[in-house]
Amino acid sequence: MTTASLHITLITETFPPEINGVANTLGRLCEGLRARGHQVELVRPRQGADQSRPNDDQLLLCRGWPLPGYPGLQWGQSSMHKLLRRWTRQRPDVLYIATEGPLGLSALRAARRLGISVVSGFHTNFQQYSNQYGLSVLSRMVTHYLRWFHNRSTLTLVPSASQRLELERRNFERLGMLARGVDSQLFHPAKRDNALRENWALNSEQIAVLHVGRLAQEKNLGLLKRCFETLQDRYPLHQMKLVIVGDGPQRAAMEKALPEAIFCGTLRGEELARHYASGDVFLFPSLTETFGNVVLEAMASGLGVVAYDQAAATQHIRHGYNGVTAMPGDEEAFCDAANWLLEERETLRRVRLNARQHASRQGWPAIIEQFENQLRGVCAQGFTPSKPATPALNDLRVP
Numbered sequence: 045m046t047t048a049s050l051h052i053t054l055i056t057e058t059f060p061p062e063i064n065g066v067a068n069t070l071g072r073l074c075e076g077l078r079a080r081g082h083q084v085e086l087v088r089p090r091q092g093a094d095q096s097r098p099n100d101d102q103l104l105l106c107r108g109w110p111l112p113g114y115p116g117l118q119w120g121q122s123s124m125h126k127l128l129r130r131w132t133r134q135r136p137d138v139l140y141i142a143t144e145g146p147l148g149l150s151a152l153r154a155a156r157r158l159g160i161s162v163v164s165g166f167h168t169n170f171q172q173y174s175n176q177y178g179l180s181v182l183s184r185m186v187t188h189y190l191r192w193f194h195n196r197s198t199l200t201l202v203p204s205a206s207q208r209l210e211l212e213r214r215n216f217e218r219l220g221m222l223a224r225g226v227d228s229q230l231f232h233p234a235k236r237d238n239a240l241r242e243n244w245a246l247n248s249e250q251i252a253v254l255h256v257g258r259l260a261q262e263k264n265l266g267l268l269k270r271c272f273e274t275l276q277d278r279y280p281l282h283q284m285k286l287v288i289v290g291d292g293p294q295r296a297a298m299e300k301a302l303p304e305a306i307f308c309g310t311l312r313g314e315e316l317a318r319h320y321a322s323g324d325v326f327l328f329p330s331l332t333e334t335f336g337n338v339v340l341e342a343m344a345s346g347l348g349v350v351a352y353d354q355a356a357a358t359q360h361i362r363h364g365y366n367g368v369t370a371m372p373g374d375e376e377a378f379c380d381a382a383n384w385l386l387e388e389r390e391t392l393r394r395v396r397l398n399a400r401q402h403a404s405r406q407g408w409p410a411i412i413e414q415f416e417n418q419l420r421g422v423c424a425q426g427f428t429p430s431k432p433a434t435p436a437l438n439d440l441r442v443p
């Protein structure tokens, strides 16, 4: 296989410095590919600081609309003619389309018109988000659209084996795996900060129960509250605090429901790593993740993770060894798993040590090399159009 550099174009509606798992992953992939000598062109909506930033060979900024409920995020507008002009002049070897909105759709259509190979990424379970908001009919329509979209790429990359099985069951085609890594030097138990714990009114023997994530309905935050209250009832002699890192539309309701909890807002970098490492137990009740980067970040920081047995947890947690899991949707089992983790101090100490050891082996370099090889494979295969690039009404029908 040739080692010549590739011209890779990445299309996304979210990217650092925005804070979410998709942006974090794409930032790592982009940085890693450039470090390996590839020309990486980024196509995305303008962010707040971009208003006067010019386009160049590595960046094409498009107009966007604010995304309701997601402050700071943009829903990229369709930009097909702009993309056709640019890619006619500077033709990429391959596209990686990370989001399926109007910007991603226009990139898919432009690529097919120009005969450019496309790899897509399934990063977000939008169809499950619809279910969480009580819109089951919309969920079925979203599933049809996502299947239509991804089945028009040469390869669709998913982050976990469980996600791959779920999409295969829904007749998604040509699926490949691309796992996620973690920066185990940034997220490290050595970042533990006793002064921060004192601010939480905890000494070295007491328990900080941590949650990191977007505070939104699809994250199953009601179970976070119930599980923490179960721990308090089960262990009345344990001094423990619930520490919540993140922001979102449910924050005000959570602050009202959990008046004793500590809400830290959105954190990043060293400050986020310090908060992780200063915790003891990590509760992650979400059922809508394609992966869940925070699971690996918590494990790398040496926390005992409690999660449902899906996505990152299935891939990385051995129940009772380096974390604890419960069958998806079984809230009683989730709480029981958290209770078990706190029954014996030695149990929690051992699980935390094993979690750190496992996560420290999950670095990004091997994943970036795998991604590079997947892109090269698609380039070698060449462009093979098979289906129309504009959805017909019967493609989006509700069963």
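According to the numbering used here, the sequence shown is numbered sequentially starting from 45.
Cβ coordinates follow ideal geometry from the N, Cα and C atoms, glycine included.
- Listed as beta-bridge partners of T53 by DSSP are E85, L139.
- Boundaries of the alpha helix (DSSP H) around H319: 313-321.
- Apart from sequence neighbours up to five positions away, the residues of its chain that approach P329 with a beta-carbon distance below 6 Å are N264, L267, L268, ordered along the chain.
- C-alpha of D137 to C-alpha of N417: approximately 13 Å in a straight line.
- With the rule of 3 Cβ pairs closer than 8 Å, the stretch 340-358 does not count as touching the stretch 282-298.
- Residue state for A357 is assigned as helix, using DSSP reduced to three classes.
- Between E62 and F231, the CB-CB gap reaches or exceeds 8 Å.
- Assigned with DSSP and collapsed to three states, V226 falls in coil, not helix or strand.
- In the three-state scheme derived from DSSP, where H, G and I count as helix and E and B as strand, Y189 is classed as helix.
- When the alpha-carbon of F166 is set against those of Y189, L386, E75, E304, the nearest one is in Y189.
- Check the Cα spacing between E242 and each of R213, S322, E304, C308: the tightest is with S322.
- Residue environment analysis places G81 among the exposed positions, since fewer than 16 neighbouring C-beta atoms fall within 10 angstroms of its C-beta.
- By the criterion of a C-beta distance shorter than 7 Å, R214 is surrounded in its chain by T187, R191, once the five residues flanking it on both sides are discounted.
- Between the stretch 370-379 and the stretch 306-320 there are fewer than three inter-stretch CB-CB distances shorter than 8 Å, so the stretches are not counted as touching.
- For the 8 Å CB-CB criterion, Q102 and H51 do not form a contact.
- Within the DSSP secondary-structure output, T200 pairs in a beta bridge with S164, L219.
- Spanning the alpha carbons of C106 and R88 requires a straight line of approximately 6 Å.
- Cβ-Cβ distances below 8 Å link S161 to D137, V138, L139, A155, T198, V422, C423, Q425, G426, F427 in the same chain, with the five nearest sequence neighbours on each side left out; the list follows chain order.
- By the neighbour-count definition (other C-beta atoms within 10 Å, threshold 16), L316 is a buried residue.
- A Cβ-Cβ distance of about 6 Å is found for the pair G145 and E57, placing them in contact under the 8 Å criterion.
- For H255, the enclosing beta strand (DSSP E) has its first and last residue at 251-256.
- For Q91, the closest alpha carbon among the candidates G108, T69, A344 is that of G108.
- Taking C-beta atoms as the reference points, L385 and V350 count as a pair closer than 8 Å.
- A direct Cα-Cα distance of roughly 32 Å separates P303 from P60.
- Within the DSSP secondary-structure output, K285 pairs in a beta bridge with A252.
- For W109, the uninterrupted beta strand (DSSP E) run begins and ends at 108-110, by DSSP.
- Between the alpha carbons of D291 and T47 lies a distance of about 43 Å.
- Pairing S404 with N247, the inter-Cα distance amounts to about 27 Å.
- Apart from the 5 residues on each side of it in sequence, D353 sits with its Cβ closer than 7 Å to the Cβ of T369, A370, M371, P372 in its chain, given in chain order.
- For the 8 Å CB-CB criterion, G65 and N337 form a contact.
- In the DSSP assignment, W384 falls within the alpha helix (DSSP H) that extends over 375-387.
- The beta-carbon distance between G348 and G367, rounded to whole angstroms, is 6 Å. This is short enough to meet the 8 Å contact definition.
- Annotated as proximal: I251 and V325, with beta-carbon spacing under 8 Å.
- Here R236 has A321, S322 as same chain residues with Cβ atoms under 6 Å from its own Cβ, once five neighbours each way along the sequence are excluded.
- Taking the Cα positions, E210 is about 17 Å away from M185.
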